[in-house]
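Written below as structure tokens is the structure these notes are about.
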Amino acid sequence: MKMFTALRAEQMKHRHRFLLFLPVALLFFELIWAMWSLDPKKPSDLTQGYMSAFYMLPIVNALIYPTFLAVLTNRVCDMEIKGDTLKLLYTLEEKKTFYNCKYLMALKYIALASVGTSLLPWIAGKFYGFTDPVQPHMFVQLSLATFVVSAALLSIQQLLSLLSSNQILPLVVGLAGSFLSLFSMFFPPAAARLILWGYYGLFGFIGMNWDRATRISTYYEVDFNWTGLLLFAAFSIVLYFICRTIVLRKEV
């Protein structure tokens, strides 16, 4: 009951802060990117439209989601940081409850963005008339992978936001994560697994063969790494508790 009351209070603090604008802006940007890059130049492009979309979106996510998470967490946490009201809040609310509420509020917007991202191939396909078969599990896989990776990165961004009096550092880390995740796709697989931000791309389930002679790309589905996703989800939970413990031990 206490948790629900705290969540309602947190929701009221976010009124008129237009937080819903952030996932909407992200999805709009991804939609524009998808419509531009998936525009069929020849009839054969229609037969691989959905596969091309599911190949592209994890790469796009790796580029823009880290920055989105940094901005979202900044907006969720900056009221208390800028107002220097943490000490007052901690006299009225448990530190643990405060941290959990901040995380859950941000996670709500991440869930909306993840589901929205997974629907973009369907929107582009209906608009352009893609003819290749698409299976429901593809939408589920993209949505879950985006959400689980974002949940882990959210813990890091919230830790940085609550420990930093200046919110420039969390934003810089988010921007650096965007570039690092993109470059990690060119690393050897063993090295790429060390880059937490790069898992948006690592959980991709569409491969591509490019014929140098004909300059034609062929897309194909590969087995989704469910074991890896479950392990990453477990890691996300552990990371959450580690980051929360660090914040709870901070003196204010």
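All residue numbers for the sequence shown refer to this note's numbering, where the first residue is 3 and numbers rise by one. In this text, a Cβ means the ideal position worked out from N, Cα and C, and glycines have one as well.
Using a Cβ-Cβ cut-off of 7 Å (strictly less than) and excluding sequence neighbours within five positions of residue i, which residues of its own chain qualify?
i    : result
L71  : S152, L155, L156, Q159, G176
L40  : G51, S54, A55, A126, Y130
F226 : Q143, F207
N63  : T119, T148, Y202
L162 : L171, P172, V175
Helix, strand or coil for residue i? Go by DSSP, reduced to three states.
i    : result
M210 : strand
I218 : strand
E32  : helix
Please report the straight-line C-alpha distance between residue i and residue j, rounded to a whole angstrom.
i    : j    : result
F23  : S183 : 24 Å
I170 : D134 : 45 Å
I218 : W212 : 6 Å
F189 : I61  : 14 Å
T49  : K252 : 56 Å
V240 : P68  : 20 Å
F132 : R10  : 44 Å
S167 : A235 : 30 Å
M81  : M14  : 12 Å
L59  : A36  : 8 Å
G128 : I34  : The sequence given here places Lys at residue 128; Gly does not occur at that position. If I take the Cα positions, the gap works out to 15 Å.
V26  : I112 : 11 Å
L106 : Q137 : 31 Å
E96  : R17  : 22 Å
S186 : R195 : 9 Å
L74  : L114 : 13 Å
I244 : K43  : 49 Å
V174 : F6   : 33 Å
T229 : C103 : 29 Å
R214 : D47  : 17 Å
F205 : P45  : 29 Å
L233 : Y242 : 14 Å
P191 : I197 : 10 Å
By Cβ distance below 8 Å, which residues in the same chain neighbour residue i in space, the five residues on each side in sequence not counted?
i    : result
R77  : R19, L21, L24
Y101 : Q160, L164, R246, V249, L250
L109 : A153, L156
Output needed for residue i: all residues of its chain with C-beta closer than 6 Å, excluding positions within five of it in sequence on either side, in chain order.
i    : result
L65  : S180, L184
V224 : F207, G209
F141 : S120
S116 : S145, T148, F149
Y222 : G209
W199 : P68, G179, L182, S183
A118 : Note that residue 118 is Gly in the sequence shown, not Ala. Here the set comprises L29.
Please check if any C-beta of chain C sits within less than 7 Å of the C-beta of residue i.
i    : result
L204 : Absent from the structure is chain C; it holds one protein chain and no more.
List, from N- to C-terminal side, the alpha helix (DSSP H) runs of 4 residues or more that fit wholly inside the region 88 to 164. Listed in chain order, they are 88 to 94, 97 to 130.
Ignoring anything shorter than 3 residues or poking outside the region 13 to 65, list the beta strand (DSSP E) runs there in chain order. Correct list: empty.
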